[in-house]
Amino acid sequence: MSVFRTKLKIIKGKPDLTPLIDVVFLLLLFFMLSSSFVQITGIKINLPDTVAYEDTDAEKLVITLDRGGNYFFNDEKLNWPVLQERLSQYAAKWRVDTVIIVADTKTEYGDIVKLMSLARSLNLDVYAATAPQKEKRSSDDEVQF
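Residue numbers (the working numbering): 1 to 145.
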């Protein structure tokens, strides 16, 4: 007779997966809420460097100008009259207060000023997207924004 006898009984059957599903759901919820949603476009541009870098959480519209002078609104290439109409529609219809201009360093200054004056005429705040100065890169490197 053995002195060490266990009092545990082996229970046969299916394991209860409810606690495992609860933990997986909570982890999924945690990672979804803690991740940042970054809008990434497929337009390749070279952002200018700046000393002061500010990230804004305001409701915003992003307009991209490439080095060829093309305008992109929500990744859609638009000409100037259509861009004017679309921006005024968004400003009137949605609760948008900010326009972020993402322009290549080789973009004509007149195109940027024209876009800024359009946004200001619609009472929108205008910001220019820049790269932090600590991220030095050569002039031929492109950033996908």
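The C-beta atom is built at its ideal place from N, Cα and C for all residues, glycine as well.
1) Could you pull the start and end residues of the beta strand (DSSP E) that D65 belongs to?
2) Assign A119 to one of three DSSP states: helix, strand, or coil.
3) With L28 as the anchor, note down where its beta strand (DSSP E) starts and where it stops.
4) Quick one: is Y109 buried, meaning 16 or more other Cβ sit within 10 Å of its Cβ, or exposed?
5) Counting C-beta neighbours from all protein chains within 10 Å, is the total for T107 16 or more, i.e. buried, or is it exposed?
6) Which value, in whole angstroms, describes the spacing of the CA atoms of R5 and P19?
Put simply:
1) The question names Asp, but residue 65 in the sequence shown is Leu. Per DSSP, L65 belongs to the beta strand (DSSP E) from K60 to L65.
2) Residue state, collapsed to three classes: helix.
3) From DSSP, L28 is part of no beta strand (DSSP E) but of the alpha helix (DSSP H) over T18 to S34.
4) Result: exposed.
5) Under a 10 Å Cβ-count criterion, T107 is classified as buried, with 16 or more other Cβ atoms of the shown protein chains found around its own Cβ.
6) One C-alpha to the other measures close to 31 Å.
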